[in-house]
Amino acid sequence: MASNNLPGFMKPPPMSFLSSKMSEKGKLFKLHLRRRHTSGTDDRASRSKERKGALLRRHSIDPDRRRALQAAAGKSTDDHHTSLIHRGVPLQADPLKDKIDIEDLGENENLVYVKFFKCYRCYDLIPVSAKLVIFDTQLLVKKAFFALVHNGVRAAPLWDSNSRSFVGMLTITDFINILRTYYKSPFVQMEELEEHKLETWRNVLKEKSKPLVSIGPDASLLDAIKALIQNKVHRLPVIDPFANNVLYVITHKRILKFLHLYYNELPHPSYLSNTLGELNIGTYSEIATVKTSTPVITALNEFVERRVSALPVVDDNDKVVDIYAKFDVINLAAEKTYNNLDITVKKALEHRSQYFEGVLKCTLDDTFSTVLQRIVKAEVHRLVVVDNEDHVVGMISLSDILNYLVLRHTEEPKPDGSPKKTTEDQLNEEPEESAEAPNE
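Taking full-length UniProt numbering, the leading residue of the sequence shown gets 1, the next gets one more, and so forth.
Right, here's the structure in full:
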């Protein structure tokens, strides 16, 4: 029988020793599991927080206010670093105290909005997340308008690969002009719309074209308003002068929405309490309207010949029942019904892609403040001015409002003492420019 003392034979450790070792290993293993679980929980919580933050950024309806509050919450961050992150965004929750010295207005309270827009830059309007669609001029016209519909946008900058520069904007006005140019009858296909490139269409309108109207990110919002109204455009691309990239497209609606964020914090000029009838803001003569039975091709001709962006739709008693806007024309592309423009306006409006809440209206007895609040909150481009029986008496647009709030108070008198012509007067005298610049 072999002895336990033979070389190479190890005596088994006592059970108490094994229990001690197992106990220590168990403790270490449990500690490792706890740390791993805690770490995993922290990681998951961190990832969840990041996802929630990203979701808020994507779905934020108020990016300007959120960015200002974020800047205020991050005061512990180095000011220089913060200013780089939130370029152009104030570092405090109430930016007006530092940006606008109300006392500088003196007795002229009407300059409050002029001073407000002068203090902010175009970069301040750019949201944290926004959709920007850009077309190459080699793209087929048909595909370009389908892309506008698919992305839910009204216009897109045009990029010329040969000149390596932005050369214009494609808008719904272009779509209307193409339809008017090539439409013959419901039985003739518009081959030009199917086969032409954007470059070809631009060459067709070359005699009517003008250089793209754009602005830099560091220009003031006051300059942006002047560029929009004086150039008779509805979209103003913000282009980085160094990288030559389009950063954003400014519109009247975006500017007024930005003003509305701080509306209650600003002094209210006395004219805001006056009625539309007293101020005479808007257009009140020769208002273009259509009937529900009017053919679409007739409405398209009215858009171009009368230089308007919307037509109130009236019934047989001349009461407004709907509105046919340029934006509604893009539904012809969405429904692929552009080959038959003899259908009625009523039939065309049945294909609206968005829910229609009814005609947004106001009266001559409404105050300017009421109209301003209504048009901004409804996010529309104009209000129909009606009488007590819903007959159309006028139209007031975003351009009319901005012109009165800002440009009217920056005009200088002529040497003979008479006031300068207003932008509205100039619009009535000069023909509307076409496809090279945004006209929506």
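The beta-carbon is built from N, C-alpha and C at its ideal position, and this holds for glycine as well.
Bear in mind the structure is a predicted one, so any value in this text is a computation, not a measurement.
Counting only unbroken stretches of 3 or more residues, the beta strand (DSSP E) elements lying wholly within the stretch 195-251 are 235-239 and 246-251, in sequence order.
The Cβ atoms of Leu276 and Leu364 sit closer than 8 Å to each other.
The straight-line gap separating the alpha-carbon atoms of Ala334 and Ala243 is approximately 34 Å. The C-alpha of Gly282 is placed about 26 Å away from the C-alpha of Ser220.
For Ser165, the enclosing beta strand (DSSP E) stretches over residues Ser165 to Thr171. Two segments are said to touch when three or more pairs of C-beta atoms, one from each, lie closer than 8 Å; by this definition the stretch 375-395 touches the stretch 316-330.
Per DSSP, Asp328 is one residue of the alpha helix (DSSP H) stretching across Lys326 to Val329. The straight-line gap separating the alpha-carbon atoms of Thr337 and Asn231 is approximately 33 Å. The stretch 126-181 contains, as complete alpha helix (DSSP H) runs of 4+ residues, the segments 141-151 (chain order). Pairing Glu379 with Pro312, the inter-Cα distance amounts to about 18 Å. For the pair Thr171 and Ile396, the Cα-to-Cα distance works out to about 22 Å. DSSP, read as helix, strand or coil, puts Leu402 in helix.
No residue range can be given for Val380, since it is assigned to no beta strand (DSSP E) and is classified by DSSP as neither H nor E. Judged by DSSP secondary structure, Val114 falls within the alpha helix (DSSP H) whose first and last residues are Val112 to Cys119. For Gly394, the three-state secondary structure derived from DSSP is strand. Per the coordinates, the alpha-carbon of Val296 lies some 10 Å from the alpha-carbon of Leu349. When the beta-carbon positions are compared, Val133 and Lys257 stay at least 8 Å from each other. In this structure, Gly394 is the residue among Leu205, Lys226, Glu302 and Gly394 with its C-alpha nearest to the C-alpha of Tyr284.
The count of Cβ pairs closer than 8 Å, one atom from the stretch 116-128 and one from the stretch 298-309, stays below three, leaving the stretches out of contact. The beta carbons of Leu407 and Ile225 sit closer together than 8 Å. Assignment of Lys184 by DSSP, reduced to helix, strand and coil, places it in the coil class. Contact check for Lys361 and Thr292: beta-carbon distance about 18 Å, past the 8 Å limit, so the pair fails to qualify. Nearest to Ile255 by C-alpha distance, out of His409, Asn403 and Ile287, is Asn403. Nearest to Val290 by C-alpha distance, out of Leu279, Cys119, Ser214 and Phe303, is Phe303. A Cβ-Cβ separation of about 6 Å places Ile229 in contact with Ser399 under the 8 Å criterion.
The Cβ neighbour count for Gly152, taken over all protein chains shown within 10 Å, is under 16; the residue is labelled exposed. Closest option to Met190, judged by alpha-carbon separation, among Asn339, Ile343, Asn264 and His409: Asn339. Between the beta-carbon of Val112 and that of Leu266 there is about 6 Å, and that keeps the pair under the 8 Å contact cut. Nearest to Thr181 by C-alpha distance, out of Thr367, Val371 and Leu341, is Leu341. When secondary structure is reduced to three states using DSSP, Asp322 falls in the strand class. Trp201 and Glu109 have their alpha carbons spaced roughly 48 Å apart. Asn177 sits buried, since 16 or more C-beta atoms from the chains shown fall within 10 Å of its C-beta.
Nearest to Leu279 by alpha-carbon distance, out of Leu300, Leu332 and Ser270, is Ser270.
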